[in-house]
Structure formats: structure tokens, C-alpha cells
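Chains R and V are the protein sequences, given in the same order.
Using this note's numbering, the letters of the first sequence map in sequence onto residues 109 to 881.
Using this note's numbering, the letters of the second sequence map in sequence onto residues 109 to 881.
Built from N, CA and C at the ideal position, the CB exists for glycine as well.
Remarks on the structure that follows.
There are 2 protein chains.
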Amino acid sequence: MKDYIVKDPWQIIEDQFRPEYNEISESIFSIGNGRMGQRANFEEDYSGKSLSGSYVAGVYYPDKTRVGWWKNGYPEYFAKVINSTNWIGLHLTVNGILLDLAQVTVKKFERRLDMKAGVLHRTVGITLSDGTQLAITSRRLYSVVESQSAALSYQIRVVQGTAHILLESGLDGDISNRDSNYDEKFWDEVARSANEEHISLQLKTKKTGFDVHTRVTQQLVHDGQSIAVGEVIDREKYVAQQYEFTLESGQEATLSKYAVILTSENHSLADLSAHAETLLQSVADKGLEKLINEQAAGWAKIWQDSDIQIEGDVAAQQAIRFNIFQLYQTYTGEDDRLNIGPKGFTGEKYGGVTYWDTEAYCIPFYMATTKPEIARNLLIYRYKHLQKAIENAAKLGFKDGAALFPMVTINGEECHNEWEITFEEIHRNGAIAFAIYNYVRYTGDVSYLQEYGLEVLLGIARFWAQRVNWSEAKQQYVMLGVTGPNEYENNVNNNWYTNRIAAWCLQYTSEVIDQFASSNPDRLQHILHTASFVTAEKEKWQHIVANMYYPEDAEGGIYLQQDGFLDKELIPVSELPVSERPLNQKWSWDRILRSCYIKQADVLQGLYFLEDHYDLDTIRRNYDFYEPMTVHESSLSPCVHAIIAAKLGKEDKAYEFYLRTSRLDLDDYNNDTEDGLHITSMAGTWMTIVEGFAGMRIRDGKVHFQPILPTKWDSYSFRITFRGADLQIKLDHEGVHVNNSGNQDVQVVLWDTQYAMLSNGTLDVPYAVTSKA
Amino acid sequence: MKDYIVKDPWQIIEDQFRPEYNEISESIFSIGNGRMGQRANFEEDYSGKSLSGSYVAGVYYPDKTRVGWWKNGYPEYFAKVINSTNWIGLHLTVNGILLDLAQVTVKKFERRLDMKAGVLHRTVGITLSDGTQLAITSRRLYSVVESQSAALSYQIRVVQGTAHILLESGLDGDISNRDSNYDEKFWDEVARSANEEHISLQLKTKKTGFDVHTRVTQQLVHDGQSIAVGEVIDREKYVAQQYEFTLESGQEATLSKYAVILTSENHSLADLSAHAETLLQSVADKGLEKLINEQAAGWAKIWQDSDIQIEGDVAAQQAIRFNIFQLYQTYTGEDDRLNIGPKGFTGEKYGGVTYWDTEAYCIPFYMATTKPEIARNLLIYRYKHLQKAIENAAKLGFKDGAALFPMVTINGEECHNEWEITFEEIHRNGAIAFAIYNYVRYTGDVSYLQEYGLEVLLGIARFWAQRVNWSEAKQQYVMLGVTGPNEYENNVNNNWYTNRIAAWCLQYTSEVIDQFASSNPDRLQHILHTASFVTAEKEKWQHIVANMYYPEDAEGGIYLQQDGFLDKELIPVSELPVSERPLNQKWSWDRILRSCYIKQADVLQGLYFLEDHYDLDTIRRNYDFYEPMTVHESSLSPCVHAIIAAKLGKEDKAYEFYLRTSRLDLDDYNNDTEDGLHITSMAGTWMTIVEGFAGMRIRDGKVHFQPILPTKWDSYSFRITFRGADLQIKLDHEGVHVNNSGNQDVQVVLWDTQYAMLSNGTLDVPYAVTSKA
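Structural data, given as C-alpha cells:
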């Protein structure tokens, strides 16, 4: 754990040059706009620790997998969103000395991410080996207004001495991934052009054939005068413009660089170049200051809907805003072909591909903080992959329309390559079904089920019905050979969570069919006919629901994570030496697998999803049994535990988990922020406040709150959109204040008392009314 | 399954040119001498299907592993014995046409492996595009007399037309492995020389730095006259001599090529070249005919001790000789640094490294067919790796001298890279301990235990004692997260075989300590002191032995392969459609894992090793339960089943398994002979006859037989060396005939009746005395 980020409610600040943390900061200070983004690499050369990265959503390469011993059903490739053309780079030579912060004396350094405005700032004070002193100031943004554009300004000021400067600023397409299984490069050049007016590069990904066209125009101003371009560099995969000029002490010059990045996914190949030219012109015409103003206005709109204010705890305030900021930098939801990579545009790990994180963690965030179409698009993403999910299941031997959605995907095909995950961590199918239920529960949008949802549910239900088998020995249905959410167990039998979510899927799909039988029989008949559904299937589902085996310890009143869990040595994490943690860095995989230690919520994930089916004592017993053995080495673990802890009245524990999840990256809690940020877990942080501290639940079409105020906080407030209402909820020492600025009246249940929240109405309920959990 | 090899008692014959089977034949016709060997590649160019391969024992490369997601404890590399300098190759150009059997008309073709003499023959009749007809005859051997030498003759005869011939015969060191994880080449050139007298190449393996020096001298004779070398070719990694000459119709010319292959493992680097020169001279001086005679004499000695004669079944006769021949081509046992790769020198698969196959299958063969030092050397191989095994266990978190021998190794370090095998298939430790017991049981050589064996047993016992854990729920010791011999299950709990062999190891080690306490207390004290052994350890072992949990189905009277086995759908293999087999080629890994199907003996492996602990009914019940679910997709499966079937009086089943194991490669039963031969399972074939049909067992220092005669056979006979006796056992329709040509009297138990077999004595027991199993 580290603690070097300066605390501030709206800014992320690094106030010293810390070369050893540079890759961590590159992750933390990442910027993006949902369509593209990049790590906070320096513009100028840097020979120190650095992971260069600029990414464009949806542009991926199917890297050949690395597998020791191939087995049937293994995917052929691991798709990864790849590092693409570097548009920020420049070479700055002053008096013959190349500027490289690893090679010069850095006197002053500040990196600052203005989350309110969506702009990255950097100021550096440098002394060169010849005594020349410079001050560099840069600003950078990925526009949230026009998502194919980005811009930066780079100011050089001479503090002392005279500087003969050669500045070469360009586009570099000769880039590679650090994560390349066979050290291959993934791009071919298609076209380039370079002259005094502009530079451009068009590259195409190998195999997948995505064209990415990057076009830049730039301007260097000194003393109010443009400095003309000197030499133009134009070679394979690299184009640049050079400027040569001299600055005396006290003088400054500023480069403004405007870039547009267009892909063949959004434009026809023939139009790509022309579109880029037009768009770039309009961006450059605005100029940098106007772009920054537009950016701030764009972010203000996002913050209006999604901000959470925390008073009395600046670390907590900064953290939650950082989480929300990064989520909206990663995914804005306009494009239903896109999804949320676990690291967004902040690193290479997990390849920018889609995991069940989206359904389990991100959908609740987007449902509540923006218009319902966004969450709907995330659901449609899976709907579009249904056919591939059926093919994926068929590869494993399933039939008759059974669908297994991939563990890891970008185009609907499975691309993870560990059998224990790909073939066995099938609970993802449950989360995908649950997200449909969750969306309908939240939005009331039953039409989604009719249009898309039921087809997905059918495929999933059919999978579960084939995946279980009847045990003659138990006279119940069992599910063998699975990996639950706790990936510190592999290939177990009867993972309670998986059995439970499978039965839930079968039950829910049956119920949806029953509902439609009365509400929309024609559509139902069409869907069932298309799917060649026979009534016997539903009967089988009901038989499975009624006869599913659930491992449990009846005596202790707990559900067993899997068969045989009680054969393990059950020693609480608190008794492990600190030096042995995190286990995934200190222990062999063998030892982890055999131990009782739990990576992330497993039984508790089920009790979280399906809490309405369980009484509080059951939840408490299971929490008290499993949490002490949980090492939370998945970023997705603390949030679920925080929510359950809050529900159980364990406020200190909930707050501890909140800090852990919200500052996971800012404080580099797991020693892995250098790989990129834990984007999807950031939605879990939001859930910690809204579902945890505020206790938000949706039941019977009404929103419920059971809020608690963490001791350290004076107040917190957040906003949710709910069925046309726009609710601002604030909890302070007095009580709860709710304000509905939407155009719909809704019912709000506060501490079990129902209130009508009229459009534009307000409500104040004193804290004294609290009903204890 | 294929059936193209001509049946013959001493020859393996392919009587037609079958390009589609060429890689299979290249495996089947492989030759070697225990020190080195090669696939039956053609001498001349061949552009058809072919896997080129020449291997030198112990010369390996640590290829970087391919792992999708690295985890702690994974090995860094996969060692593989690599393809090395090709000494047989030549380019033959006739009237400007390059001879390539894939490009010319092949009129006649025969490949013939003379197992009696250890010589590979090939004759080919060819018509070139210009009408010229040629007959090519080649002979090739790897000397079993001087194991660093090899030789070939290559005769070209013109049948019709006039042939202007350019023959270039050389040494090619620019070779690569088909199995190279990152398409790297593994060799650097160190030195080469080439002139009219000789050619030589010295290559060094990258990383491991083994030098292999290959030196060739050759002679082309036409009409009794040597043809002088024309041009000498000398370039990076390639040296050759050219001959230009003309043959008229009816004329012939013969190239004799002599090679010596020396490595830095056996000679100092400084001496390598000089040694090669001297050795080559002596080999070439003999000339090819003398070398062939010596070779036949060398093989005659091997056959004298190890041959099995079967009368009345030429397919069975050919098969058992093929198995024995290939075993002795792979391993002769003089060098305790060497071991037996699963494919010997016949292919790249499994990398020529050591598996538990050696202990479980090969040691019994070598113990009985040659002097005891050979089996002893195989045991010493593991003893030499003890320290590495302790380090290997430490990597996984074990301590205090616990040793886990690798699943796959060449130098004592683990080099497999699937966690479910490397970390979990730990029963190999049991087989290594059992082999010590088995060796002592067979030879009576207790000194081995004192000198080496006990130290290995201590390390293994300590491993098991740490690997089990006490289950509070069961109030017994359990062993979680293992993979048994049946690799169609991974990461199971309480694999019966592993629990059983672990307990057996603890018990045996305790007994050995107790025996030595009286017989050799000084040596015992020394060993225990060196190992920091404390008495409490043995007490703990005894507690484990007394309280080990064994999964069983008490009602059915069977041991369960693992916890939860009865939850599976239990459907016999006979009900699977033929089109779905072999499962490992037709089913996804997921489906295999969840199914009841068994790759190779698992519970039955335990009942085979420890049969003296179980009554016949128990063995029968378990065989009848498991065999019908066994797909025998490991080459190591049929032999154990054959032995048990024979014991249970299921003669037809035993014979079926015999054919399957003995002709596995000759008939390409598993569609994988092209990868190389299943060398280690060939020892299992031998066991099928000796332990299966002949029912040989060692009990109380005496050799027992319970022979049966397969219906199709008139007789079979084999020879074993046993404690100084040299027993020839023959079973025919009359009964058993035993002859002791050794210098020791021994007790032989035939159908439960004990007979004294005096040195040079004979014994005839009529078949009527049979006691039925």
C-alpha cells in the first residue's frame, strides 16, 4: 500500500517526481472518453520505467494463445485491445540535449488530474547539464464532446539561460504491446501523409483488419507568432513536423496539438481520410481553450447526474469521484458494440475484454446514474453474442440451443485459455441472466424481456438443464466440475453459488414464460417457436429447481462453498503472517487451492444477489463464517462484503471495505496498479455507498433505503435516476433529505416507511426514525 | 487402427510405398542403441510428409514454457531432448533430376527392420521422368557394440538407361525441432571441418551448452574402385562431400558412410575432436560388413536374455519382439544419468524426459531381463535428484526435507507446466518409493536401501505427512486437490489410489527404519542424523497410516476413485457411440472431466501394486466396476488391466488387452504413432506376458508363477534373471517347463506348489496340476 497521492476533493495530485512509481501514476492519471483513452505517459522522451499505452475501444488483435498442452475446446486466440498510434509523443532537444526526465535534473514536478474538467495537467521544472533551466507545462484531454478527438498543449518556458530548441512532434505507429504472446507487432501501415499543414497515419491491425486513421495538426506559438514548420519527417509508420527556434530567458513557446482518431468500425474505409480531415479542421478551429471549456461543460453534465458528495472525509470524497470519473472515462454507453474492459484504457492486463464484471458490478452503476438506454445497451451486447454463446456451448458438447457465454470475450467468442476458467467458471451465465432480472426490476422495462431478454434466458436455462446431472447416489441434481467466483478453488463439485444461481435462472426463465403467456402470448409463441422450445423443457427445469442439491452444514447453519469444504484446515486470515500476503504473490498455486482462503465473495455473492430469499440470521451466519477466511485478493471482493456488512449493522467493517475498494488504485493496495486501474471494481465502490451505506434496494417497483452514516463522515449525497424520477439523496447527522427533480412521482421507502416522492418534491426524514437492521 | 505391417517373427516389414503413412513408419522403423537413435527418415531428399529426427540421450534444451496466466510455482522451462545433426542425409541428382520419392515414380518399395540383427533395410525401385530406372538399397545401424558410432550403406544401381550422378553426402546441423514453443532454433555452431578425408560438425546447445561433435568419413565404390571426392562443401552448419560419376545400365555404386557422435557429457571439450578422429578411424577400418556382423552378435546377446517366444501366433510374436527391441534400443542402463523417455529416440513428443512410467512399468522389465545394476541405475537416477526434489517441494510450500519428485524431468527439476499435473499428480512420489520396494523385493539387495533408498523414502514420507491434513469433519486424514493416474480427472479430493500409496509409503518407510535399527544401526543413525529426523515424525506417520480416510462404497464393496465419484452418470464405455472415441480427440476437456470415463488404471493401479493386501473378491468387484468405464486412452492402461484380468481368470479379456498393448504402435491403435513410439508402455507389454499370462510374482524371496496359455497360442517362453538364477520358463499345452541356467539354486512356486530349481536344473510340471484363480 502506498500513500503518495495528495488528497483533494476534485483533483488527483502527484506533487513530486517519483520515477519508481511512474508506471503506477501513468495508470492513475489515465484519461479517456469512452471511445478511446491513454495512460499518462509523458509527451517527451522518457527512458525510465514506463508502459506506453493509447487504446481505441473495439480495436483488438486475436493473439495466439500460449498453452502447454492443447485440449479440445480450448480457444484458438486471446483477443486483446491493443496499444495504438502514439499521438502525444514529441522529441525536445535543447542546446543539443535531449529532454528525458530520467536523464536531467528535475527540480519541480506536478501531475494533476482535474476530474471536474476532465483535463490532465503537468508542470515540470528542469535544469539541464549545461545549466539551462526550463519549465514545461502541459495539458491534455480526450474530448467527451466529440469522442474522436483529443488535444494537448505543451509549453516550454526558459527560466534561465538561452535555449536553442529543436522540437519534433509527430505520430508514431511503430508501437507494440508489452503483452504480446509471441513478441509480434500487431499493426501494418496502410497510408501516411505529412506536410507543413498536417501529419497522418493510417494503420491496420493484422488478422482483424481494423483501420485506425490518426490525423494531427499542430501549431507552435512564440511571442504571439506562429513558428513555421521546418523539416517534415515521413518514414514507415512515423510522421512528424520539426520546429527550430531559440528562447531567451523568460521567453516561452507553446505547442498546440490537435488529433482525431477514426476507425473503420465507425466510418467506411473510403471516407476515413476525408472525415478525418473535416473533423480535424473543426477541432483545430476551436483552439485549445475552447476545447477545454467544452470539456469542462461536458464533464459538468456527467457530474450532475453521477457525483457523490462526501463531507468530512476528503480521502473518501476524492476516492469516490476518482472511481466515477474513471468509469465514465471508460464507458459512456452510446455504442452497443462496446463493453467495459476490467482495466479500461489504462493498461494491457485482461486485454480490454469483457468479463462478468459488467453484469455483476457495472450495470447497477450505469442504471442508476444515467439514462436506462445505457444499461440496456450493455444487455444488448450479450444478446448480440447469443448465437456465438450457443456455438461456444456446442463446442463443449452441449446441444439444442444451450448457450454458454464466454468468460472473456470481445466478439462473442471465448478467448480465455485456462480450462478451469473457460470451461468451468460457468456462473457467469447466471450473472448475465441476473443482470436482465436486475435491469427489469430497476427500470420496469418489461419490453426488454420480450424484445431480447427471454431469448438469452432460454439459452442460459437450457445450458443449466444440461450442465447438471442426476446423482443416483444423492437422488438429487448435482453440478460437477465447476469454478465458482472464488477462483482460489478450481474444478469443484457443487459450488453452492453456481448451483443456486443455476436454479434461480431456471426458475426466473420459467416465470418470465408464464408472465408472457398472459401478457404477450403472440410474442412468446414466436420466441418459443423460433427456439424450438418444447414444454417438457420447462417441466424438466422445474424438476431441477425442486431437486437441486445444495451442500450445507446443517449444524452450523451455513451453506458450503462446495462439497468437501469442511475437510479443509479452517484457519482465519488474521492468523496468517503478514509476510505471506497477498497469497497470490507469496504462495504456490497448489497451496492456495488446498487452503480455505477465499479470493472474493462466493457463497456471499449468492446471498448478495438473492438476499430477498434469505433471512438476516442466515446471511449473518454465512458472513461470519466466510469473511474471516476471505483474503479479498480480487478487486471485486470488498464491495460485496461492504454491502453485506452494512446490512448486518457492521458499520466499521463496511467503512474499512469502502476505503479498500475506493482507494484500491490511488493507494496501490494490491501492488498492481502499474498494470492499469481496476475499472470494473470502481462500480463496486459506487455500490458500496449506494447499496451499502445508503442501503438502496428495489422491491416491488419501489426504491428502498436503509441509510447509515459512517462515523467519520458529516454527510454524503448521491443522485439516482429511477423510473423517470431523479432523486437526490443526502444523509447527514440530522437525517435523510430526498429531492426529486425528475418528472415522475415515485414511492420511496425509507427505513421501511413508504413516502410518496412527487416530481420536484422534497422529503426530510430525521435520523431518529432509524430502524436497526 | 491400421494393419499394413507385414507379419513376421523377426522382421518389421512395410512392403509398399505409402506416403500417407510415412511419419508412422518413420516412428516404427526407428533405430537406436540406448545412447542415441533416430527416426527412419530417408537418406535422400523427401518433400512429402516427414518428421526428421536424430537424438542424443541427455542432450536437451530448456525451452521456455507456454503458459497463459503464470502462477507461483510454475516451472520456467520445459526441457526437451532435441533433434540434432543429421548425419544420414544426402542429395542424389541423376541426369539433373533430384531424387525425391514424393516427386518420382516409385515402382517398388520395401522398408524392413531386422530386429534380430539390429539393422534397418530399404530397397526402392524408381523410374525418373527421363525414363531412367534405378534401384536403391540402403542399410543402416546404430552400433550396440560401440554406442557412439553409426553407419550406413547406400547402393545405387541403374536398371535401365545411363545415369550421370551427382551425389552430395554430408552433415547438416541447421536443424530445428517441430516442437519449439517459440519457433527458435536450439543449436549454435562451434566448429566444423571438411576435406577429402572427412567432414565434421561440432554444435553446442543454446543455454545448456552441450557440445555434440559429429564426424563422418565415407567412401564411394564403383566397380570395386573408390571414386574420389569432387567438391567439398563447407558452410555454416553444413559440410559435405560431392561425387560425380556415371553408371551405365546394370552398374552400381555404393556409398559407405561411417559416423561417430560424441558429446561433452562423455568427453572433455578439449578431447572431443581428437577422440572422434580416433574412434571414427577404428569404426571405418572395420568396414560395413564387419560392423553388421558385430551388430548381429551384439543383439544376439540381448535376445538371449530378453527374448520371448510365442508359437502359433505370428502377430503376437512379432509384437512382443518389437516391444523388447525398441526398449533395448532406447535404454541399456549403463549410464545412471540417463533414463527412459516415453518416446525414446523415435519422436519429439514428451520431450524425451522422465515420467513415473520408468518406476511403474520399466523397472520390472529391466530387473528381470538383464543384470540388477541396470534397475539399480534407474533408482540411483532419482536418488541423484533428491536434493532437487526437496527444492521442488519447497517451492510449493513444503519444508523440513519433504521431497516431491517432478512429474516430468531431465535434470531433477520439474518441467511440466500444467498445475493440475505438476502440483497435483503427486502419486508419482508413491511409484518412486514403490520401485525401491519392488527392486529390493525382487533382488534381495537390501544394501540399496542403506546406501541410497532410505534417504529417498524419508523425503517422500515427509512429503506425504505434510500433504495430508486432518479433517475435523471426518476425524480422519484427507488429501485434497490431487490428480490420480487417471488424468481424465483433475484436482479431486481423496483419490483412493493416492491416499493408499501415501499411507503405504509411510508404512514402508517406518518398516525400513525399524529393520535397520537392528540390522545396521550405525548407518541408520547416520542417515537420520543427516536428515535431522526426529522420532515424532514416525509417530505422526503411524497416526496417519492408522487414520487415513479412504473413500468407498461400502454397499457395493468398491473403493471410490475419489470423493463424489458416485455422483457422476455411470454409463459403460460400451454404450458410447464408436464415433465419439477416442474421447480425447472427440470430446471437450470439460466433458471428459465431468464424465465417469477413466483414462488408465487408477483404483486398479493401487490394487495391482498392493494386491497382496486385498482378497480376490475385492479385486474382482473393483475390476468389474471400473474396467467397463475405462477407455484405455493412455498406452499404459491395457497392461495393468491385462495382468488383473489374467489373475481373475478372464483370459479372453487379458488376451484382448495384450494385443492392444503389444501392437499399439505397429497397428497405430491410437492414431498417434506418427508422433513416435510408446516406448515406456512397451515394458507394460512385457509385463502382460510375464506377470499376466505367466502370473509371475515375488513373495518372500521366491518367484511364483500362475501361468495360463492364451487359447490362440501353442506355447510361449521367456527368460528371467532372478537372484543369480537364470530361468527359462516355457508354457505349452502339456504344462510348464522351467530351466535354470544360472549359477544359483532358487525356489520356484508353480501354481502354489514350491519347487527347488537347482543351478542347471530343469523342471516340468504338467498343466493338469493347474489351480484355478
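query                                                                                                                                 : result
CA-to-CA distance, GLY665 of chain V to LEU756 of chain V, given in whole angstroms                                                   : 17 Å
Under 7 Å by beta carbon: chain R residues contacting VAL711 of chain V                                                               : Chain R residues near VAL711 of chain V: none, gap ~17 Å exceeds 7 Å.
Pairwise C-alpha distance: GLU533 of chain V and TRP178 of chain V                                                                    : 19 Å
C-beta atoms of GLY800 of chain R and TYR766 of chain R nearer than 8 Å                                                               : yes
Residues that LEU328 of chain R bridges to, as DSSP identifies them                                                                   : R:ILE335, R:LEU363
Residue range of the beta strand (DSSP E) that includes GLY714 of chain R                                                             : From DSSP, GLY714 of chain R is part of no beta strand (DSSP E) but of the alpha helix (DSSP H) over 711 to 717.
Any non-hydrogen atom of the ligand PLP closer than 7 Å to GLY714 of chain R Cβ                                                       : In the structure on display, the ligand PLP does not appear, and there are no ligands present to speak of.
Reference LYS838 of chain R; option with closest CA among R:ASP853, R:SER867, R:ASN851, R:GLY803                                      : R:GLY803
CA-to-CA distance, TRP407 of chain V to VAL266 of chain V, given in whole angstroms                                                   : 34 Å
ASN601 of chain V versus TYR658 of chain V: straight-line alpha-carbon distance, rounded                                              : 11 Å
ASP808 of chain R versus R:ALA750, R:GLY460, R:VAL856, residue with shortest Cα-Cα distance                                           : R:VAL856
Nearest-angstrom Cα separation, counted from VAL347 of chain R out to VAL227 of chain R                                               : 26 Å
Cutoff 8 Å: SER879 of chain R Cβ touching any chain V Cβ                                                                              : Low confidence applies here, because SER879 of chain R scores a pLDDT of 43, under 50, leaving its location unreliable and the question unanswered by this model.
Segment contact, 8 Å Cβ cut-off, at least three pairs: the stretch 298 to 312 of chain V with the stretch 238 to 247 of chain V       : no
Sheet register partners of MET865 of chain R (DSSP bridge)                                                                            : R:VAL854
Neighbour flag for GLY672 of chain R against chain V, beta carbons, 8 Å                                                               : yes
Short CB-CB distance (under 8 Å) between LEU209 of chain V and chain R                                                                : no
Assumed close pair SER135 of chain V, LEU785 of chain V - CB separation to whole angstroms, cut-off 8 Å                               : 5 Å
Pick from V:LEU565, V:ASP444, V:LYS810, V:ASP291 that is closest to ALA497 of chain V, judged by C-alpha positions                    : V:LEU565
Residue ranges of each alpha helix (DSSP H) within the stretch 442 to 486 of chain R, 4 or longer                                     : 471 to 477
Sequence ranges, alpha helix (DSSP H) only - wholly within the stretch 548 to 611 of chain V, length at least 4                       : 562 to 575
Cut-off 7 Å between Cβ atoms - residues of its own chain near LEU858 of chain V, not counting five sequence neighbours on either side : PHE813, VAL844, VAL873
HIS786 of chain R (DSSP reduced to helix, strand or coil)                                                                             : coil
C-alpha gap between SER390 of chain R and MET223 of chain R, whole angstroms                                                          : 25 Å
Cβ separation of ALA483 of chain V and TYR491 of chain V, assumed to be a contact under 8 Å, to the nearest whole Å                   : Actually they do not touch by this definition, with Cβ atoms about 13 Å apart.
Closest by C-alpha distance to THR231 of chain R, when choosing among R:SER251, R:ALA225, R:LEU209                                    : R:LEU209
Closer than 8 Å to chain R by CB, ASP675 of chain V                                                                                   : yes
Backbone secondary structure at ASP342 of chain V - three-state DSSP                                                                  : strand
Closest by C-alpha distance to TYR734 of chain V, when choosing among V:ARG300, V:ASP661, V:GLY552                                    : V:ASP661
Span of the alpha helix (DSSP H) around THR530 of chain V                                                                             : 527 to 530
With 16 other Cβ atoms within 10 Å as the buried cut-off, status of CYS682 of chain V                                                 : Per the sequence shown, residue 682 of chain V should be read as Ser rather than Cys. It is exposed - the Cβ of SER682 of chain V has fewer than 16 other Cβ atoms within 10 Å.
Simplified DSSP state of GLN814 of chain R, which is helix, strand or coil                                                            : coil
Neighbour flag for LEU504 of chain R against chain V, beta carbons, 8 Å                                                               : yes
Euclidean distance between Cα positions of GLY505 of chain R and PHE150 of chain R                                                    : 50 Å
Any chain R beta carbon closer than 8 Å to ALA581 of chain V                                                                          : yes
Residue from R:SER376, R:VAL739, R:TYR722 with nearest C-alpha to LEU684 of chain R                                                   : R:VAL739
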